[in-house]
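Input: a single structure, listed below in structure tokens.
Numbering (my numbering), first residue to last: 164 to 883.
Structure, rendered in structure tokens:
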């Protein structure tokens, strides 16, 4: 069994293993996903074998896919994704080349359009060549392809002592079959099929002599799937595109829709909604938002819960799917290798060869200290949003088991702590899980077990929510028990984490009982759950909104005076949109709604610079006039909880809460984003009813009202 080097699993370190000549720049790459398949390629549509590729079930089944015309790479005109994230289109033109007859063809004579989609484990591509010159031309069009069948963790940088067997490619008249037998006993195949037989075909290249008369076009169709396709062509391509678009449209229709008076703002909201839909996979238990492409295109516990929380007010069905999946995969046994204990909620699941062989623990891994209380918190929030007690009743045994694990995990110190049970697991098990993300003020790395400040806040929220649900179930002794536990946790955090000298909460308490006296955004998550007393919340809020944290684009993860501060780091000074959004909700909870409007504005403006998509994270440099935010080189894009941050911040601005128990809408001190005068929610579910709710700027106030056709159906309570 290989020894896992956890640094190789950190995207910040994985960058070093990529081809230095082709660094990943996520905002310049394009991703498509459907089910458990995804493809990442550059603007040319090229897969070059660095961190990109076509992946199926955590295995890269296409590591090279390049197109040349006349033996040369093409010149890029432009590339885009359709607004529904189904189609990728690249527009290219030729560099100076020679025709097959040796005639010179000037640059810009041939237009090449590549259109790509994924449907049912298969990549479809249409290549159209249009001749705008005055001459008939026969040109050589070549497709270069390869499949290395590497596990996702190999692509990320892990090394293996032994791999399976790669088979010699089998060529047919119009197809090539690439194969690999994994050490796990599973055969993996990648078949490249063409709409016409190549003029020359070998195991990694297909050459076509394409005669393009002047002012005419020729089309070539290519498919890449687990088996050789029926002859690719126009009908198959159009049918796959129609089905893929229909499926995506169905996912985007779930929940309420948003529309504002700002055209560009609407574009951002539509793209964010499309990204959440793209990453959402229909599992047997319901919809589940996979974390992000490329590194985390799978079910993660923490990411799924937070994405469910972000979208809860608009689409509670997503939270329900997350809860059902996590309940089904709850741990029932103790395993040091997988960091599992009865009642604990899953951190990550993988389907690749290395996970199947247990070369690493991530086949089903439970090394997330915060996922279990967050799971309980999401269930309680879902109940409050929907009043769906029938579903909560089915979850109740799982919720009680999760609560029992939480209580047991805090028995020794009063706090929920973590310390990996095996060297193959993650050393840090909160959301900031890189190896240097938890430290003392002098730079010392603390010894475990470690209690993170935000985790105790999640535990507080979980106990408080469970108490309310137990009371509704008539379990009054349980309710009182959990109320007492919540209050004990609140008092313990205020006593042991508060730093009088910094007027802030410590990042963590180590195994020796020493606080890590470092100012981090983690403290903002305490505001999110409403744990701090108001005076201390105000001190934390003031510092989060100061230049130490607030870059102008969002909140940094670490104050800029900390010893490990680095705006280019993964967790120690970068900006994570979901983290900014959670802190924003906390700020709004304590009355800082105007500050949330500013956070929303900075987040939106950052998204505009990133082509309307917020990456997983970006660098935490201070905003300067005329400059754009700086990308982090190996960030996931799209990322579910980054896309969802748009909706969480919007809810915080609007001050909107939906009371599923009473069937009421509550709006408190509503604000609209800068530059937006009207904002309408359509088909917002409240109990078994659906309403349209509009917010409108009137002078220096924002008013909220229901549309005429719904007036009187659902109570709307507005507090200004």
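Where is the CB? At the ideal position from N, CA and C, for every residue including glycine.
Is it buried or exposed, residue i, if we count other Cβ atoms within 10 angstroms and call 16 or more buried?
{"i": "residue 883", "result": "exposed"}
{"i": "residue 196", "result": "buried"}
{"i": "residue 865", "result": "buried"}
{"i": "residue 676", "result": "exposed"}
{"i": "residue 880", "result": "exposed"}
{"i": "residue 592", "result": "buried"}
{"i": "residue 667", "result": "buried"}
{"i": "residue 193", "result": "buried"}
{"i": "residue 187", "result": "Only weak support is given to the placement of residue 187: the predicted model assigns it a pLDDT of 46, under 50, and the question is left unresolved by the model."}
{"i": "residue 259", "result": "exposed"}
{"i": "residue 819", "result": "buried"}
{"i": "residue 184", "result": "Legend: pLDDT at residue 184 = 39, less than 50; position of this residue unreliable, value from coordinates given subsequently. Exposed, since its Cβ has fewer than 16 Cβ neighbours within 10 Å."}
{"i": "residue 834", "result": "buried"}
{"i": "residue 741", "result": "buried"}
{"i": "residue 735", "result": "buried"}
{"i": "residue 214", "result": "buried"}
{"i": "residue 331", "result": "exposed"}
{"i": "residue 886", "result": "No statement about residue 886 is possible, as the shown extent of the chain runs from 164 to 883 and does not include it."}
{"i": "residue 413", "result": "exposed"}
{"i": "residue 288", "result": "buried"}
So, are the CB atoms of residue i and residue j less than 8 Å apart?
{"i": "residue 739", "j": "residue 690", "result": "no"}
{"i": "residue 354", "j": "residue 340", "result": "yes"}
{"i": "residue 562", "j": "residue 544", "result": "no"}
{"i": "residue 206", "j": "residue 242", "result": "yes"}
{"i": "residue 232", "j": "residue 248", "result": "no"}
{"i": "residue 387", "j": "residue 225", "result": "yes"}
{"i": "residue 334", "j": "residue 294", "result": "no"}
{"i": "residue 301", "j": "residue 369", "result": "no"}
{"i": "residue 320", "j": "residue 343", "result": "no"}
{"i": "residue 535", "j": "residue 569", "result": "yes"}
What are the boundary residues of the alpha helix (DSSP H) that residue i is part of?
{"i": "residue 570", "result": "552-572"}
{"i": "residue 798", "result": "Counting along the chain, residue 798 falls outside any alpha helix (DSSP H), and DSSP gives it neither H nor E."}
{"i": "residue 371", "result": "Per DSSP, residue 371 belongs to no alpha helix (DSSP H); it is in the beta strand (DSSP E), 368-375."}
{"i": "residue 629", "result": "616-635"}
{"i": "residue 639", "result": "639-659"}
{"i": "residue 516", "result": "516-519"}
State the DSSP-derived secondary structure class of residue i, mapped to helix, strand or coil.
{"i": "residue 273", "result": "strand"}
{"i": "residue 679", "result": "strand"}
{"i": "residue 867", "result": "strand"}
{"i": "residue 598", "result": "coil"}
{"i": "residue 356", "result": "strand"}
{"i": "residue 820", "result": "strand"}
{"i": "residue 911", "result": "In the structure as shown, the chain starts at 164 and stops at 883, and residue 911 therefore has no counterpart that could be examined."}
{"i": "residue 697", "result": "helix"}
{"i": "residue 603", "result": "coil"}
{"i": "residue 728", "result": "coil"}
{"i": "residue 415", "result": "helix"}
{"i": "residue 783", "result": "coil"}
{"i": "residue 876", "result": "coil"}
{"i": "residue 186", "result": "Note on residue 186: pLDDT 45, under 50, position unreliable in the model; no value is reported."}
{"i": "residue 583", "result": "coil"}
{"i": "residue 343", "result": "strand"}
{"i": "residue 380", "result": "strand"}
{"i": "residue 706", "result": "helix"}
{"i": "residue 776", "result": "coil"}
{"i": "residue 762", "result": "helix"}
{"i": "residue 531", "result": "coil"}
{"i": "residue 769", "result": "helix"}
{"i": "residue 829", "result": "strand"}
Along the chain, where does the beta strand (DSSP E) that runs through residue i open and close?
{"i": "residue 817", "result": "Unbroken run through residue 817 is the alpha helix (DSSP H), 803-817; no beta strand (DSSP E)."}
{"i": "residue 880", "result": "879-882"}
{"i": "residue 854", "result": "852-861"}
{"i": "residue 842", "result": "841-849"}
{"i": "residue 228", "result": "227-232"}
{"i": "residue 713", "result": "From DSSP, residue 713 is part of no beta strand (DSSP E); its letter is neither H nor E."}
{"i": "residue 545", "result": "Run containing residue 545: none in the beta strand (DSSP E); it sits in the alpha helix (DSSP H), 534-549."}
{"i": "residue 124", "result": "The structure shown does not extend to residue 124, since the chain is modelled only from 164 through 883, so no value can be given for it."}
{"i": "residue 134", "result": "The requested residue 134 is not part of the displayed model; the chain covers only 164 to 883."}
{"i": "residue 720", "result": "Note, residue 720: premise wrong, no beta strand (DSSP E); not H, not E."}
Let me know the beta strand (DSSP E) ranges lying completely inside the stretch 239-270, each 3 residues or longer, listed in chain order.
251-256
What are the complete alpha helix (DSSP H) segments, minimum 4 residues, inside the stretch 285-341?
315-318
Unbroken beta strand (DSSP E) runs of length 3 or more, entirely within the stretch 421-504: which are they?
443-446 and 449-452
Mind pulling the beta strand (DSSP E) runs of 3 or more residues that sit fully within the stretch 189-221?
192-197, 200-205 and 216-219
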